[in-house]
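S.K.:
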Amino acid sequence: MSSKTQVFFTGATGYLGGSVIDRLLKHPTFATSEITALIRKADKAAAFESLGIKTLLGSNDDHALLEKQASLSDVIFSLADADNAEANDAILRGLKKRYEATGKPPIMIHTNGTAIVMDDVKGAYGAKPVWDDTDVAKLDTIPDTQFHRNVDLSILNADKEGYLKAYFVCPSTVYGVPSGKLVDLGIQHTRSIQIPMLIGISVARKRAGYVGQGLNIWPAIHIDDTADVFTVVYDAALEGKAGHGREGTYFVENGHYVIKDVSVKIGEVLRDLGVSETAEPNAFTEEDFKKNPGIGLMGTNCSVRATRARALGWKPKHPIEELYESIRADVEWHLKNVTSA
Numbered sequence: 001m002s003s004k005t006q007v008f009f010t011g012a013t014g015y016l017g018g019s020v021i022d023r024l025l026k027h028p029t030f031a032t033s034e035i036t037a038l039i040r041k042a043d044k045a046a047a048f049e050s051l052g053i054k055t056l057l058g059s060n061d062d063h064a065l066l067e068k069q070a071s072l073s074d075v076i077f078s079l080a081d082a083d084n085a086e087a088n089d090a091i092l093r094g095l096k097k098r099y100e101a102t103g104k105p106p107i108m109i110h111t112n113g114t115a116i117v118m119d120d121v122k123g124a125y126g127a128k129p130v131w132d133d134t135d136v137a138k139l140d141t142i143p144d145t146q147f148h149r150n151v152d153l154s155i156l157n158a159d160k161e162g163y164l165k166a167y168f169v170c171p172s173t174v175y176g177v178p179s180g181k182l183v184d185l186g187i188q189h190t191r192s193i194q195i196p197m198l199i200g201i202s203v204a205r206k207r208a209g210y211v212g213q214g215l216n217i218w219p220a221i222h223i224d225d226t227a228d229v230f231t232v233v234y235d236a237a238l239e240g241k242a243g244h245g246r247e248g249t250y251f252v253e254n255g256h257y258v259i260k261d262v263s264v265k266i267g268e269v270l271r272d273l274g275v276s277e278t279a280e281p282n283a284f285t286e287e288d289f290k291k292n293p294g295i296g297l298m299g300t301n302c303s304v305r306a307t308r309a310r311a312l313g314w315k316p317k318h319p320i321e322e323l324y325e326s327i328r329a330d331v332e333w334h335l336k337n338v339t340s341a
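Following this line, the structure appears as structure tokens:
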């Protein structure tokens, strides 16, 4: 059996997962670790192995495979799917076996998102109150029906039982284009979801839009700053200095934005590029909602404070203004790669 720390990584080719992997390649523990990445496509295996990362061919639907690999792992980076309860349960079963075999609780760094505290105001007003990740009593009041909550609760219970130490990294609106070895090799997704979805809907209707009055707010964070949180939490977890379980929620933000302000910027770019006759956004219509089932998320509120990561030494480098500056490139990318496809 290898004496190296066994690390199992899901979501390695994702927008965020690939950036975290890139940081692990440079991490001081890389030489003493053996990282295994779960991948769905065999044609990406050679690229990962060229970086010194082992691969396991499969998906989150291969529960027996997940359980077995987790049972061999000292550390889990779970970045694949925050809502897949069956896959999560398989990983937990494996980690429990690992604990029973070694007597040492494995580390589980699980990714969900600040959507765990969002509320649906349909664009009517800005978010109040702010959720601070050090306010454990308040976090305990998150309804069981909230996004990602069922998976979180099972992990929290596992931490409480003592057979693992759980750390929840909760990004907000992530923006920016990632860089690094996985991007260079062409094996990492390079687009985010939230703002690109708003752009896609706006392009399709030939006018920028928002839900209701567009007054709702969300936190935001650059992809590089987001990935940095994972290594900060990992370092602290290895040293036993990071809160875990109920004390282990790590929001990720560096400021907040109003949805309508983003829509205004999208509108300006659409007008400049000849897609829209006007730069002024307007409210999404009933027809827009019918065509885009996920559009309601654009009307939700979310306001958080990332106190824990900052207390561990995390220092985000990208101010919220860069979110607005990134929109032109995102619109141009969409027009080139989606609309013209």
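Residue numbers (UniProt numbering): 1 to 341. Yeah, the Cβ is synthetic: ideal placement off N, Cα and C, and Gly gets one too.
Find the nearest neighbour of Thr32 within the set Leu51, Val7 and Leu56, judged by alpha-carbon distance.
M.R.: For the purposes of this step, residue 32 is taken as residue 32 along the sequence shown, with counting starting at 1. For the residues Leu51, Val7 and Leu56, the minimum Cα distance to Thr32 belongs to Val7.
S.K.: Where does Val130 land, buried or exposed, given buried means 16+ other C-beta within 10 angstroms?
M.R.: Within the sequence shown, residue 130 is the residue found at index 130, counting from 1. By the neighbour-count rule (16 or more Cβ atoms within 10 Å), Val130 is not buried but exposed.
S.K.: So if DSSP puts Ile108 in a beta bridge, which residue, or which two residues, is it bridged to?
M.R.: Numbered from 1 along the sequence shown, position 108 holds the residue referred to as residue 108. Contrary to the premise, residue 108 reads as Met rather than Ile in this sequence. Answer is Ile76 and Ala166, bridged to Met108.
S.K.: With 9 Å as the threshold, decide whether the Cβ of Tyr167 is near any Cβ in chain C.
M.R.: This model lacks chain C altogether, as it is built from one protein chain only.
S.K.: Would you report the Cα separation of Leu95 and Val211, rounded to the nearest angstrom?
M.R.: Residue numbering aside, residue 95 sits at position 95 when the sequence shown is read from its first letter. Residue numbering aside, residue 211 sits at position 211 when the sequence shown is read from its first letter. Roughly 42 Å between the two C-alpha positions.
S.K.: Spell out a yes or no on whether the stretch 54-65 and the stretch 15-25 are touching, meaning 3 or more CB-CB pairs, one atom from each, closer than 8 Å.
M.R.: no
S.K.: Do the stretch 27-46 and the stretch 56-74 meet, that is, are 3 or more Cβ pairs less than 8 Å apart?
M.R.: A contact is defined here as three or more CB-CB pairs under 8 Å, and the stretch 27-46 meets this definition with respect to the stretch 56-74.
S.K.: Assuming Leu312 and Ala242 are in contact, meaning their beta carbons sit under 8 Å apart, how far apart are those beta carbons, in whole angstroms?
M.R.: Here residue 312 is taken as the residue at index 312 of the sequence shown, counted from 1. Here residue 242 is taken as the residue at index 242 of the sequence shown, counted from 1. Leu312 to Ala242, Cβ: 6 Å. Contact.
S.K.: Could you check which residue in Asp235, Gln213 and Asp224 has the C-alpha nearest to that of Asp261?
M.R.: Taking the sequence shown and counting its residues from 1, the one referred to as residue 261 is at position 261. That would be Gln213, whose Cα lies nearest to the Cα of Asp261.
S.K.: Assuming Tyr324 contacts Asp133 (C-beta within less than 8 Å), just tell me the rounded distance between them.
M.R.: By one-based count along the sequence shown, residue 324 stands at place 324. By one-based count along the sequence shown, residue 133 stands at place 133. 25 Å between Cβ atoms; not a contact.
S.K.: Does Gly113 pass the burial test, meaning 16 or more other C-beta atoms within 10 Å, or should it be called exposed?
M.R.: The residue you call residue 113 lines up with position 113 of the sequence shown. Buried is the call here.
S.K.: Ignore the nearest five residues each way along the sequence and tell me which others in Lys97's own chain have a CB closer than 6 Å to its CB.
M.R.: As a working note, residue 97 is residue 97 in the sequence shown. Hits under 6 Å: Ser71.
S.K.: Kindly indicate the opening and closing residues of the alpha helix (DSSP H) around Ser154.
M.R.: Translated into positions along the sequence shown, residue 154 becomes position 154. From DSSP, the alpha helix (DSSP H) with Ser154 extends over Arg149 to Glu161.
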